[in-house]
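Residue numbering for the sequence shown follows the working numbering, starting at -9 and increasing by one per position.
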Amino acid sequence: MAFRELLRNKGFSLFFTANLAVGLCGFVAVQSFSRSLNQHLDDNLRNILTADLVVTANAPFTPAEKEVMHQVLGPDVQVSEVIRFFTMVQTRNTTRLVQVMAVDETYPLYGGFALDPGIHRSAIHQSPSVFMSRDTAVTLGIRDHADPRDGLQDDSGRAAGPRDDPAPPSPQTLTLGNTLFTVAGFFVDDPDKALTTLELAPKIYVGADQLADTGLLGFGARVRYHIYCGMPPGTDVPALTQALRSGFAGLSPDQSRIRVRDSRDVSQSLSRVTGYFAGYMALVSLVALFLAGMAAAFLFRGFLGGKHKEIAVLMSLGARRSGVGAFVFTQLILLGVLAAV
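Given below as structure tokens:
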């Protein structure tokens, strides 16, 4: 009887069910997305770190420190060295703060650059040159000759007319320290993955062997030296991480200047960031579910208010209050089940 009553009021039943279903779907979707995101990050921790473990120092590594790494990691380790620092870069149009990533030829151990077609990864090691994103080029006032909009104006700002002879594009340059660097190409994606989208300065990549003449690594420079280590399959990376920390602590008992990270540290950082996001989205979904429940309650109240005559007839025919209540609750349960399905 309760089901037949709902069928006679198809408009109310469909609207009530759809309203409650949307709220439930939002809540379930947020929880499912959070689990999928965490699973994806866990499966790609090595690509995010670009190594199995990373050793970082604020000064060049000493022979004793390198010996500790050699003894702990063994001869089968793959090593890539990166120097990271902030400095001012000068172009023809502006001077800006940038983050310099000086990498060797083996970087990255996991992942890679997504460069424009025709650009080779070794270009930044053959001569003083840099890789950057197109957004960074716009920030530095560097023209991208591959952009179809390029060529609408010449260097003086005058619109290029149809009679202007097309000139070959001149190489784009920037000054880094005491050295003039050429823009070797642009990347769509780089292997260095930040945990947040907030960056202090745009990023450029140079060859580590091109830094010697820049004068940027002298006394007083704020530089971070990184050694990325790739281990053979089946290696107990957490145990090696702990052994390295103990070895470096033995060299400087007071306070070690070296930091060792592995995928567990990246996982903790990512879990914290994604936890904030998932918590916020869960709160939003709960609010949406609460509003959907309130709307459903008002809908059912209006529906029930129009059934006073039918309820009075049932009670006049001998129906008990408990029976009428069971009838109403049965309708609510049916609608809730339909919304959940």
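From the three backbone atoms N, C-alpha and C, an ideal C-beta is built for every residue, glycine too.
Beta-carbon proximity check, residue i vs residue j, cutoff 8 angstroms
i	j	result
THR81	LEU164	yes
VAL45	VAL120	no
LEU43	VAL250	yes
GLU176	ARG124	Note on residue identity: the sequence assigns Phe, not Glu, to residue 176. Contact flag set, yes.
MET59	LEU234	yes
ALA198	GLU71	yes
VAL90	ILE194	yes
ALA286	VAL12	no
LEU99	THR40	yes
PHE23	ARG214	no
LEU340	THR84	Only positions -9 to 331 of the chain appear in the structure, and residue 340 is not among them; the question remains open.
Residue i beta carbon near the ligand SAM (any heavy atom closer than 7 angstroms)
i	result
ALA316	No copy of the ligand SAM appears in this structure; indeed no ligand is present at all.
Residue closest to residue i, alpha-carbon to alpha-carbon, out of the options
i	options	result
GLY167	PRO192, PHE177, GLN200 and PRO181	GLN200
ALA202	PRO118, ALA113 and ASN9	PRO118
ALA278	LEU190, PHE17 and GLN232	PHE17
GLN116	TYR266, ALA174 and GLY237	ALA174
VAL69	VAL93, ALA287, ILE248 and LEU294	VAL93
SER351	ASN37, ASN48 and PHE23	As shown, the chain starts at -9 and ends at 331. That puts residue 351 outside it, with no answer to give.
LEU190	TYR215, LEU87 and PHE6	LEU87
ILE114	THR264, THR96 and ILE38	THR96
PHE280	PRO53, LEU4, VAL79 and LEU14	LEU14
GLY101	ALA127, THR126 and ASN37	ASN37
GLU55	GLY265, TYR266, GLN258 and ALA239	ALA239
VAL67	ASN83, GLY224, MET122 and LEU294	GLY224
Inter-residue spacing [alpha-carbon to alpha-carbon] between residue i and residue j
i	j	result
PRO192	PRO65	36 angstroms
THR206	ILE73	With the sequence shown as reference, residue 206 is identified as Leu, and Thr is not the correct amino acid for it. About 11 angstroms.
GLN143	ILE132	Any reading at GLN143 must be qualified, since the residue scores a pLDDT of 38, below 50, and its modelled position is unreliable; no value is offered.
VAL274	PHE290	24 angstroms
ILE323	CYS219	59 angstroms
SER253	LEU35	6 angstroms
PRO158	ASP179	Only weak support exists for where PRO158 lies, its pLDDT of 47 falling under 50; the coordinates are left without a value.
SER112	PHE171	15 angstroms
ASN9	GLY292	15 angstroms
HIS30	ALA272	19 angstroms
GLN232	MET221	15 angstroms
GLN61	LEU27	37 angstroms
GLY237	LEU276	49 angstroms
ALA229	PHE288	60 angstroms
ALA302	VAL263	58 angstroms
HIS110	GLN258	35 angstroms
GLN21	THR320	29 angstroms
Identity of the residues DSSP links to residue i by a beta bridge
i	result
CYS219	LEU43 and VAL69
ILE248	ALA47
ARG214	ARG74
ILE194	VAL90 and MET122
LEU166	VAL79 and THR169
ASP179	ALA104
THR85	GLN80
Proximity test, Cβ basis, 8 angstroms: residue i and chain C
i	result
PRO107	In the displayed structure, chain C is absent; only one protein chain is listed.
Quiz item: Three or more beta-carbon pairs under 8 angstroms between the region 105 to 113 and the region 210 to 230, yes or no?
Solution: no
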